[in-house]
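Residue numbers (the numbering used here): 1 to 370.
Note that the Cβ used here is the ideal one computed from N, Cα and C, for glycine as well.
Some notes on the structure that comes next.
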Ligand code: PMP
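Written out as structure tokens, the structure is:
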């Protein structure tokens with residue numbers, strides 16, 4: 001074995017259990033596929049692909065279609081293999097050795113992870129106990145560390161909370177560098193930072209086809225930002241990084257907006273039902289604007305609950321061992337049947353795994369929120 005870069009030795013990488021189960025609600029995918037008409041249209045166009053030629057390097061048609069869907073210019077759109085690769089390209093261009101990247105934890109782990117891989121220093125701001133972000137903490141982190149890149153995820157993963165618009169505005173007012181708003185789940189929420197984008201503002205908004213568009217299998221994401229920034233990203237990304245098939249799939253997907261809106265409406269309705277049922281079970285539920293719900297099993301061991309669900313062939317995300325997320329679990333909203341199966345398995349598990357310490361519950365004496 002030869003030694004890896006010193007600064008990579010401590011990194012753990014990305015972990016999410018891939019277990020063979022009947023009900024899979026752990027990676028925030030869409031529970032249903034795109035419409036058959038989309039699949040047929042993709043198959044027809046793919047049959048005409050020039051397999052011996054490189055794809056359109058600028059992904060012109062796809063970028064134009066995305067630009068049109070947001071009412072922006074194609075030169076403001078950068079596309080890559082999943083929004084993770086979009087984020088990586090941004091960080092390769094604007095982070096790197098000697099530069100500082102700020103996150104507000106807990107949030108999407110890959111922001112800090114990718115930043116560290118580029119060699120940047122990561123500073124972690126803290127959210128309050130209810131996972132909201134205090135403006136004073138934003139001010140402190142930006143003033144103390146002067147980050148070259150600052151991240152905000154709205155709705156946030158894994159908490160599901162939607163950031164208020166004035167938090168983004170505050171960052172734009174105070175940040176000395178680039179503000180990245182990760183909107184992987186924006187269609188499930190009621191506002192977007194897209195309207196704040198213009199040539200004079202160092203702001204990018206990232207989006208993905210993996211969730212609302214039911215296309216996690218395709219690995220496609222993009223950002224909208226100033227044209228000068230997109231031009232820098234084009235210098236960094238590998239030539240022909242986006243294959244011809246993906247360019248076709250992304251462009252055609254955008255023709256099925258109504259189907260996407262219907263899926264989103266169904267998931268939002270189910271999110272309301274699942275959140276209410278979790279509260280009825282006596283669990284602490286974090287209000288979600290995404291396609292998943294974070295909840296806490298106070299007084300019980302979160303990992304045991306997760307295992308109890310796996311034993312009943314239901315897989316959700318075990319966040320209970322993550323920093324700041326003791327006893328927290330995250331469930332992706334599935335089909336109505338999957339959600340019902342999850343809720344009844346959870347009810348069963350909660351009946352089996354008794355509360356081990358009543359004093360863990362907040363009481364009037366130890367600061368319960370009345
Ligand atoms: N951002 C957030 C907040 C996410 O939760 C995810 C997926 N878990 C991504 C980005 C990455 O999505 P993808 O690479 O599939 O586009």
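Practice item. Excluding the 5 residues preceding and the 5 following residue 360 in the sequence, name in chain order all residues of the same chain whose CB lies nearer than 8 Å to its CB. Key: In the chain shown, counting from the first residue as 1, residue 360 sits at position 360. Per-residue confidence for residue 360 stands at a pLDDT of 47, beneath the threshold of 50, marking its modelled position as unreliable; no derived number is given.
Review point. So what does DSSP say about residue 178, is it helix, strand or coil?
Key: Walking along the chain shown from the start, residue 178 turns up at place 178. Of the three classes helix, strand and coil, the one that applies to residue 178 here is strand, per DSSP.
Exercise for review: Report yes if the CB atom of residue 79 is closer than 8 Å to the CB atom of residue 185, and no otherwise.
Suggested key: Translated into positions along the chain shown, residue 79 becomes position 79. Translated into positions along the chain shown, residue 185 becomes position 185. Residue 185 is positioned such that its CB atom lies no closer than 8 Å to that of residue 79.
Check your understanding: Going by Cα to Cα distance, which pick from 1, 71, 89 and 31 is closest to residue 239?
Key -> Looking up residue 239 in the chain shown gives position 239. The residue with the shortest Cα to Cα distance from residue 239 is 89.
Check your understanding: Which residues share a DSSP beta bridge with residue 328?
Key -> Counting from 1 along the chain shown, the entry for residue 328 is found at position 328. Beta-bridge pairing links residue 328 to 296.
Check your understanding: What does DSSP give as the partner residues of residue 105 in its beta bridges?
Key -> The residue given as residue 105 occupies position 105 in the chain shown. Note: residue 105 sits in a beta bridge opposite 126.
Exercise for review: Go ahead and pull the three-state DSSP assignment for residue 367.
Suggested key: Position 367 of the chain shown, counting from 1, holds the residue named residue 367. Model confidence at residue 367 stands at a pLDDT of 34, short of 50, so the residue's coordinates are unreliable; what they give is reported in the following sentence. Reduced to three states, the DSSP call for residue 367 is coil.
**Study point:** DSSP state of residue 24 mapped onto helix, strand, coil
**Key:** The count along the chain shown starts at 1 and reaches residue 24 at position 24. In this structure, residue 24 counts as strand in the three-state DSSP scheme.
Review point. Going by Cα to Cα distance, which pick from 294, 194, 327 and 342 is closest to residue 311?
Key: Residue 311 sits at position 311 when you count from the first residue of the chain shown. Selected option, being the one with the closest Cα: 342.
Point to revise | Every unbroken beta strand (DSSP E) within the segment 203-257, with a cutoff of 3 residues, ordered by chain | key: 203-208 and 221-224
Practice item. Compare the beta carbon distance of residue 172 and residue 203 with 8 Å and say whether it is the shorter of the two. Key: In the chain shown, counting from the first residue as 1, residue 172 sits at position 172. In the chain shown, counting from the first residue as 1, residue 203 sits at position 203. Yes, the Cβ-Cβ distance between residue 172 and residue 203 is below 8 Å.
Exercise for review: Pair every Cβ in the segment 66-85 with every Cβ in the segment 123-133, then say whether three or more of these pairs are closer than 8 Å.
Suggested key: no
Exercise for review: Less than 8 Å between the CB atoms is what I'm expecting for residue 422 and residue 248, so what's the real figure, rounded?
Suggested key: Nothing about residue 422 can be reported from this structure: the residues present for the chain run from 1 to 370 only.
Exercise for review: Can you say whether residue 19 is buried or exposed, counting buried as having 16 or more other CB atoms within 10 angstroms of its CB?
Suggested key: By 1-based counting over the chain shown, the position of residue 19 is 19. Exposed is the call here.
Point to revise | Interface flag, residue 148 vs chain C, CB-CB below 8 Å | key: Reference to chain C is not applicable here, since this structure consists of a single protein chain.
Check your understanding: By how many angstroms is the C-alpha of residue 269 removed from the C-alpha of residue 86?
Key -> Translated into positions along the chain shown, residue 86 becomes position 86. Translated into positions along the chain shown, residue 269 becomes position 269. The straight-line gap from Cα to Cα measures roughly 30 Å.
Point to revise | beta-carbon residue 221 near the ligand PMP non-hydrogen atom, thresh 7 Å | key: The count along the chain shown starts at 1 and reaches residue 221 at position 221. True, at least one ligand heavy atom lies under 7 Å from that Cβ.
Point to revise | Beta-carbon gap between residue 281 and residue 350 smaller than 8 Å | key: Within the chain shown, numbered from 1, the residue matching residue 281 stands at position 281. Within the chain shown, numbered from 1, the residue matching residue 350 stands at position 350. Their beta carbons are under 8 Å apart, which means residue 281 touches residue 350 by this criterion.
Check your understanding: Applying the criterion that 16 or more other CB atoms from any shown protein chain within 10 Å of the CB defines a buried residue, is residue 53 buried or exposed?
Key -> The residue given as residue 53 occupies position 53 in the chain shown. The residue is exposed, with fewer than 16 neighbouring Cβ atoms inside 10 Å.
**Study point:** DSSP-derived helix/strand/coil call for residue 131
**Key:** Taking the chain shown and counting its residues from 1, one reaches residue 131 at position 131. Three-state result, residue 131: coil.
Review point. Along the chain, where does the alpha helix (DSSP H) that runs through residue 60 open and close?
Key: Residue 60 sits at position 60 when you count from the first residue of the chain shown. Run containing residue 60: 60-70, per the alpha helix (DSSP H) assignment.
**Study point:** 8 Å Cβ cutoff met for residue 295 and residue 284
**Key:** What you label residue 295 is simply residue 295 of the chain shown in a count that begins at 1. What you label residue 284 is simply residue 284 of the chain shown in a count that begins at 1. For residue 295 and residue 284, yes; Cβs fall inside 8 Å.
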